[in-house]
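Novice: Residue numbers (the numbering used here): 169 to 444.
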């Protein structure tokens, strides 16, 4: 080995190893600071691109969940209104049947008719107020129903159709002015109410099926989003126990590298001994 004051090969090697250790130490510290083994594209371009795609899907599924939640709430309000209307129709039928009794005196029939009209008007009030987030599925104002997002790119949807439960409609056939003054008229109205009640119950069954579909899909989307987040973690999260152990190892290695460089830098001084 040549003794030279111009070229210190040992110092060069020691410096290269120390720089390498410092780079590894910086990488490990970044992983500990961020909790990520792949924090940016420079760390691992391929894994970063995959993780970003999955993050975009997770974000989109958050929007899907919001849409499904609005749909569930809208249908829940609609179902509550429909069930109330069904209960009112049962009471109205009871009043009409009672008034259809030919043995009933006129004052009693008038009293039953007043109760009947109050219940009738209550249906109109319920229909008018069965609204959530500006959407009413049972007053005939919504043309397309509620359309909920079903996937991350918006190409699939779940539609909840409208059910017009307004008076004088195709479902509730009782008119907004329906009343009875005779036993015969009361019997006719009782028959109409029976038909309306069957129609309302069928509408409630359809709405209930859609509500269940929204809830099932919401559960699926939640699980899917959780699975994607777990997958992202598997790709980019750092093993903190491993990184902690590596940090300690590199810190010791850095100290040894500094000492090795110091020793290598002092080697040229041995040349002075040749001139004593």
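We treat Cβ as the ideally placed atom computed from N, Cα and C, and that holds for glycine. Note that this is a predicted model, so its numbers are computed, not measured.
Would residue 189 be called buried (16 or more neighbouring beta carbons within 10 Å of its own) or exposed?
Specialist: Under this definition residue 189 is a buried residue.
Novice: Are the beta-carbon atoms belonging to residue 348 and residue 264 less than 8 Å from one another?
Specialist: Their beta carbons are under 8 Å apart, which means residue 348 touches residue 264 by this criterion.
Novice: Is the segment 245-264 touching the segment 349-365 in the sense that three or more CB pairs, one from each, lie closer than 8 Å?
Specialist: Result yes; three or more Cβ-Cβ pairs closer than 8 Å.
Novice: Using DSSP's beta-bridge definition, name the partner residues of residue 204.
Specialist: Residue 204 pairs with 405.
Novice: Measuring only the C-alpha atoms, how far is residue 300 from residue 240?
Specialist: Rounded to the nearest angstrom, the two C-alpha atoms are 10 Å apart.
Novice: Output needed for residue 155: all residues of its chain with C-beta closer than 6 Å, excluding positions within five of it in sequence on either side, in chain order.
Specialist: This structure cannot speak to residue 155, because the chain is shown only from 169 to 444.
Novice: What's the call for residue 199, buried or exposed, on a 16-neighbour Cβ count within 10 Å?
Specialist: So residue 199 counts as buried.
Novice: Considering only residues of the segment 188-274, which uninterrupted alpha helix (DSSP H) runs meet the minimum length of 4 residues and lie entirely inside it, listed in chain order?
Specialist: The segment 188-274 contains these whole alpha helix (DSSP H) runs: 213-267.
Novice: Please state the DSSP three-state secondary structure of residue 346.
Specialist: Note: residue 346 maps to coil in three-state DSSP.
Novice: Going by Cα to Cα distance, which pick from 351, 295, 317 is closest to residue 344?
Specialist: Nearest option by C-alpha distance: 295.
Novice: With burial defined as no fewer than 16 other Cβ atoms inside 10 Å of the residue's Cβ, what is the status of residue 253: buried or exposed?
Specialist: Buried, because 16 or more other Cβ atoms sit within 10 Å of the Cβ of residue 253.
Novice: Smallest Cα separation from residue 275: which of 417, 350, 179, 437?
Specialist: When only C-alpha atoms are compared, the closest one is 350.
Novice: If you scan the segment 307-343 from start to end, which runs of the beta strand (DSSP E) of 3 or more residues do you find wholly inside it?
Specialist: If we require 3 residues or more, the beta strand (DSSP E) runs fully inside the segment 307-343 come out as 314-317, 325-328.
Novice: Counting pairs of beta carbons, one from the segment 383-394 and one from the segment 225-236, are three or more of them closer than 8 Å?
Specialist: Verdict: yes, contact present.
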